[in-house]
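Residue numbers for the sequence shown follow the UniProt record's numbering, beginning at 1 and rising by one.
First up is the structure itself, then whatever we jot down about it.
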Amino acid sequence: MAVLHEVVQLKELSSAIQTQLLEDYYVTLSVKDSSSKQEILTAYKRATSQLNSKPQDELSRVRRAKVAAAYETLSNAQSREKYDHRRCLVRLAGGILTCAFAGVPAMLLLALGYRLLRPLMKGRGLDPKSFEGQLAATFGKIECTLQVTLQKSGPEPLGMQLVSAKRGSCLLIQGVAGNGLVDGHNQRVRTAAASEAEATGAHTWWQSPELRAGDHIASVNGSTASDGMMQQLRSSSTLDLSVLRPLKALLPWVAEVTLRRAAADERWGCQLSPAKDGSDSMEVAGVDASGPLARWNGANGSLQVRPGDRVVAVNRQAGAARILTALRDPALMTSAWFVVRGVLPDRPVSPEVSCGPFHKREGEKLGIRIGRVFEAPVRGSLVEPGGESSMVVKDVVRDFLIDKWNRQGSGPQVAVGSTVLAVNGLTEPSAFATELSKPSVHLLLQPPRGAPIATLAPPPAAAGGAAAAAP
Numbered sequence: 001m002a003v004l005h006e007v008v009q010l011k012e013l014s015s016a017i018q019t020q021l022l023e024d025y026y027v028t029l030s031v032k033d034s035s036s037k038q039e040i041l042t043a044y045k046r047a048t049s050q051l052n053s054k055p056q057d058e059l060s061r062v063r064r065a066k067v068a069a070a071y072e073t074l075s076n077a078q079s080r081e082k083y084d085h086r087r088c089l090v091r092l093a094g095g096i097l098t099c100a101f102a103g104v105p106a107m108l109l110l111a112l113g114y115r116l117l118r119p120l121m122k123g124r125g126l127d128p129k130s131f132e133g134q135l136a137a138t139f140g141k142i143e144c145t146l147q148v149t150l151q152k153s154g155p156e157p158l159g160m161q162l163v164s165a166k167r168g169s170c171l172l173i174q175g176v177a178g179n180g181l182v183d184g185h186n187q188r189v190r191t192a193a194a195s196e197a198e199a200t201g202a203h204t205w206w207q208s209p210e211l212r213a214g215d216h217i218a219s220v221n222g223s224t225a226s227d228g229m230m231q232q233l234r235s236s237s238t239l240d241l242s243v244l245r246p247l248k249a250l251l252p253w254v255a256e257v258t259l260r261r262a263a264a265d266e267r268w269g270c271q272l273s274p275a276k277d278g279s280d281s282m283e284v285a286g287v288d289a290s291g292p293l294a295r296w297n298g299a300n301g302s303l304q305v306r307p308g309d310r311v312v313a314v315n316r317q318a319g320a321a322r323i324l325t326a327l328r329d330p331a332l333m334t335s336a337w338f339v340v341r342g343v344l345p346d347r348p349v350s351p352e353v354s355c356g357p358f359h360k361r362e363g364e365k366l367g368i369r370i371g372r373v374f375e376a377p378v379r380g381s382l383v384e385p386g387g388e389s390s391m392v393v394k395d396v397v398r399d400f401l402i403d404k405w406n407r408q409g410s411g412p413q414v415a416v417g418s419t420v421l422a423v424n425g426l427t428e429p430s431a432f433a434t435e436l437s438k439p440s441v442h443l444l445l446q447p448p449r450g451a452p453i454a455t456l457a458p459p460p461a462a463a464g465g466a467a468a469a470a471p
């Protein structure tokens, strides 16, 4: 068993070395590791010029960030020396891995190398056993159920591309064609949603009756088998559809809400029922007119809990059984609920913004707190695809350096909820804290989707609070 355990560790190390541990900045800039500072600058300008001549898609954005990080590291003698040292360690581990195929003794060396290099792998991705990893797994199983009614009038085509899915138990919408019944229905829904969003600034939530690619039709007029549903779609003038909308096709909106009971016998103020989608979460079936949840909703308009929301954890304990156990404890007077809701991705991704440089005078602090997206506080954050482990701006402290920048309108705002893409050109989150402590700080951010870049950030935290952790 011990040998088997070491073999598993060897596989993990091999994968980490190849895909995670180190971005080879010399390869990124196409230079030798003996190149001079001038040669690195020339290579950086050449790479930047090539990127500017290409379409500005997501791949180009990632490539540009890597090029900037490579130049920032290799153009500075001190950071280059540290990088070269780490690169040497990783190459050594790769050599040990090659030797492992020669015999068992080398495997012992590789296991030692794994233990030495494992600290470098921390912070990469999400540990499935961690709270954040459990949330990400739960999100992949959550489905919203909604009812949609369509009324045919004449020979108008339905305008949906459908295929049988889930072993014939439902129909998957692969696409919606223009100028059909469904397209007309969607246009009316979008018009109404746009008017509401313009008035309130709200997102389009997952219970919007618009029919979208990726939705699953579970029943049509009560028929549940795919053949019966297709027959109803062809022959009936009124179509009552039961639709399943997976959260993984949307953007998760997450918030951690704190509820306080006034007395031990006071109810929490809502009805919860186990979700039927196999996600091991609890669905909010109803909200009482009074109680802790009603008080929270009244005081937190943008973070209100609604029927249909999912409670995926209470006091950072995930799973339906743990949630119910916690809420039934008469001694529990305060509880933190982790709530998730889907958002239709109908707003474009916000462009990157460059903020700074922020030059700190003696004793001056930035006044910013950053953390993983699921770390407290979680104030209605949108989780972009693959962003479960991203770093975001948690707080901006009033009257500190960044707050002054925001108020003066010196440049793009450092908004709470923005994703931190790079600090001083470095894209590795483990380096952010060190870079934020330096006398000069430059931030590359991506504001929350749909956020107006020119406006001020949300009200900053009071000076002296927890947000002042970053110098």
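Each residue gets a CB set at the ideal place from its N, CA and C atoms; glycine is no exception.
> Nearest to A431 by CA position, among D309, A69 and Q50, is which residue?
Replying inline: Numbered from 1 along the sequence shown, position 431 holds the residue referred to as residue 431. Of the listed residues, the one whose Cα sits closest to A431 is A69.
>> Give the list of continuous alpha helix (DSSP H) stretches no shorter than 4 residues that lie fully inside the segment 337-416.
In response: 401-408
>> Just to confirm my understanding: we take V414, look at its own chain, exclude 5 residues before and 5 after, and list those with CB closer than 8 Å. What are they?
In response: Counting from 1 along the sequence shown, the entry for residue 414 is found at position 414. C355, I368, V393, V396, I402, W405, N406, L443, L445 and A457, listed in sequence order.
> Based on the DSSP output, what are the partners of H216 in its beta bridges?
Replying inline: As a working mapping, residue 216 is identified with position 216 in the sequence shown. L172 and L244, per the DSSP bridge assignment.
> Span of the alpha helix (DSSP H) holding S226?
Replying inline: To locate residue 226, count along the sequence shown from 1; it is residue 226. Unbroken alpha helix (DSSP H) run through S226: S226 to S235.
> In or out: T200 buried (at least 16 other Cβ within 10 Å) or exposed?
Replying inline: Within the sequence shown, residue 200 is the residue found at index 200, counting from 1. With a pLDDT of only 48 at T200, under 50, the local geometry of the prediction cannot be trusted, and the value read off the model is given with reservation. The residue is exposed, with fewer than 16 neighbouring Cβ atoms inside 10 Å.
> Between G298 and T434, what straight-line distance do the alpha-carbon atoms span, to the nearest angstrom?
Replying inline: What you label residue 298 is simply residue 298 of the sequence shown in a count that begins at 1. What you label residue 434 is simply residue 434 of the sequence shown in a count that begins at 1. Roughly 40 Å separates the two Cα atoms.
> Nearest to R212 by CA position, among G178, F400, S235 and S236, is which residue?
Replying inline: Here residue 212 refers to the residue found at position 212 when the sequence shown is read from its first residue. Taking R212 as reference, the option from G178, F400, S235 and S236 with the minimal CA-CA separation is G178.
>> Tell me the DSSP secondary structure of S30 in three-state form.
In response: The count along the sequence shown starts at 1 and reaches residue 30 at position 30. DSSP places S30 in coil when its eight states are reduced to three.
>> My assumption, with CB atoms under 8 Å, is that F400 sits in contact with K365. Please give the rounded CB distance.
In response: Mapped onto the sequence shown, residue 400 falls at position 400. Mapped onto the sequence shown, residue 365 falls at position 365. About 5 Å; that satisfies the 8 Å criterion.
> With a CB to CB cut of under 6 Å and the five nearest residues on each side skipped, what residues in its chain are close to W206?
Replying inline: As a first step, residue 206 must be located in the sequence shown, where it is residue number 206. Excluding residues within five positions, the ones whose Cβ falls inside 6 Å are C144, R245, L250 and G342.
> Can you name, in chain order, every residue of its own chain whose Cβ lies under 7 Å from the Cβ of R118, other than the five neighbours on each side?
Replying inline: Your numbering for residue 118 matches position 118 in the sequence shown. Low local confidence applies: a pLDDT of 44 at R118 is under 50, so the model's placement there is unreliable, and no value is given.
>> Does residue 479 pass the burial test, meaning 16 or more other C-beta atoms within 10 Å, or should it be called exposed?
In response: For the chain, the structure presents residues 1 to 471; residue 479 sits outside this window and is missing.
>> Distance check for V312 and W253, CA to CA, integer angstroms please.
In response: Taking the sequence shown and counting its residues from 1, the one referred to as residue 253 is at position 253. Taking the sequence shown and counting its residues from 1, the one referred to as residue 312 is at position 312. In a straight line, the C-alpha of W253 is about 12 Å away from that of V312.
> Does DSSP put N221 in a helix, in a strand, or in coil?
Replying inline: In the sequence shown, counting from the first residue as 1, residue 221 sits at position 221. Per DSSP, reduced to three states, the secondary structure at N221 is coil, with no helix or strand assignment.
>> Could you check whether the segment 182-190 touches the segment 221-238, counting it as contact only if at least three pairs of C-beta atoms, one from each stretch, sit closer than 8 Å?
In response: no
> Does the Cβ-Cβ distance between Y83 and Y44 come in under 8 Å?
Replying inline: Counted from its first residue, the sequence shown places residue 83 at position 83. Counted from its first residue, the sequence shown places residue 44 at position 44. In this structure, Y44 does not lie closer than 8 Å to Y83 by Cβ.
>> If you follow the beta strand (DSSP E) that S164 is in, where does it begin and where does it stop?
In response: Within the sequence shown, residue 164 is the residue found at index 164, counting from 1. Per DSSP, S164 belongs to the beta strand (DSSP E) from M160 to A165.
> Thinking C-alpha only, which one of P128, L172, W337 and V305 is nearest D227?
Replying inline: Start at 1 with the first residue of the sequence shown, and residue 227 comes out as number 227. Comparing Cα positions, the closest option is L172.
> Quick one, which of G409, S410, E388 and R234 has its alpha-carbon nearest S420's?
Replying inline: Mapped onto the sequence shown, residue 420 falls at position 420. Ser is not the amino acid found at residue 420; the sequence shown has Val there. Checked all of G409, S410, E388 and R234; the closest Cα to V420 is E388.
>> Tell me the rounded alpha-carbon separation between L241 and G411.
In response: Looking up residue 241 in the sequence shown gives position 241. Looking up residue 411 in the sequence shown gives position 411. Their backbone Cα atoms lie some 49 Å apart in a straight line.
> What do you reckon, are the CB atoms on T48 and V67 nearer than 8 Å?
Replying inline: Numbered from 1 along the sequence shown, position 48 holds the residue referred to as residue 48. Numbered from 1 along the sequence shown, position 67 holds the residue referred to as residue 67. Yes, these two residues count as a Cβ contact at 8 Å.
> Does the distance from the CB of Q440 to the CB of H359 come in under 8 Å?
Replying inline: As a position in the sequence shown, residue 440 is number 440, starting the count at 1. As a position in the sequence shown, residue 359 is number 359, starting the count at 1. Looking at the sequence shown, residue 440 is not Gln but Ser. Yes, they are a contact pair.
>> If distances are taken between C-alpha atoms only, which option among V314, A321 and L344 comes closest to M333?
In response: The residue labelled residue 333 in the question sits at position 333 within the sequence shown. Looking at the Cα atoms, V314 is the closest of the given residues.
>> Quick check on R267: buried or exposed, where buried means 16 or more other Cβ atoms within 10 Å of its Cβ?
In response: Residue mapping note: residue 267 aligns to position 267 of the sequence shown, counting from 1. Classification for R267: exposed.
> Cα separation between A163 and V176?
Replying inline: For the purposes of this step, residue 163 is taken as the residue at position 163 of the sequence shown. For the purposes of this step, residue 176 is taken as the residue at position 176 of the sequence shown. It should be noted that the sequence gives Val, not Ala, for residue 163. Whole-angstrom Cα-Cα distance: 13 Å.
> Which of the three DSSP states, helix, strand or coil, is assigned to L429?
Replying inline: Position 429 of the sequence shown, counting from 1, holds the residue named residue 429. Note that residue 429 is Pro in the sequence shown, not Leu. P429: helix per DSSP, three-state reduction.
>> Contact criterion: CB-CB distance below 8 Å. Does A263 meet it with respect to chain B?
In response: You won't find chain B in this structure, because it holds only one protein chain.
> So the alpha helix (DSSP H) L146 belongs to, where does it begin and stop?
Replying inline: The residue you call residue 146 lines up with position 146 of the sequence shown. L146 -> not in any alpha helix (DSSP H); beta strand (DSSP E) instead, spanning E143 to Q151.
> Are the CB atoms of V287 and P307 nearer to each other than 8 Å?
Replying inline: By one-based count along the sequence shown, residue 287 stands at place 287. By one-based count along the sequence shown, residue 307 stands at place 307. In this structure, P307 lies closer than 8 Å to V287 by Cβ.
> How many Å lie between E362 and L436 at the Cα?
Replying inline: Numbered from 1 along the sequence shown, position 362 holds the residue referred to as residue 362. Numbered from 1 along the sequence shown, position 436 holds the residue referred to as residue 436. One C-alpha to the other measures close to 15 Å.
> Can S290 and G269 be called in contact, C-beta distance under 8 Å?
Replying inline: Translated into positions along the sequence shown, residue 290 becomes position 290. Translated into positions along the sequence shown, residue 269 becomes position 269. Contact flag set, yes.
> For P292, which of helix, strand or coil comes out of DSSP?
Replying inline: To locate residue 292, count along the sequence shown from 1; it is residue 292. In the structure shown, P292 sits in a helix (DSSP, three-state: H, G or I).
>> My output table needs one value for A451: the three-state DSSP class, helix, strand or coil.
In response: The residue you call residue 451 lines up with position 451 of the sequence shown. The DSSP-derived three-state label of A451 is coil.
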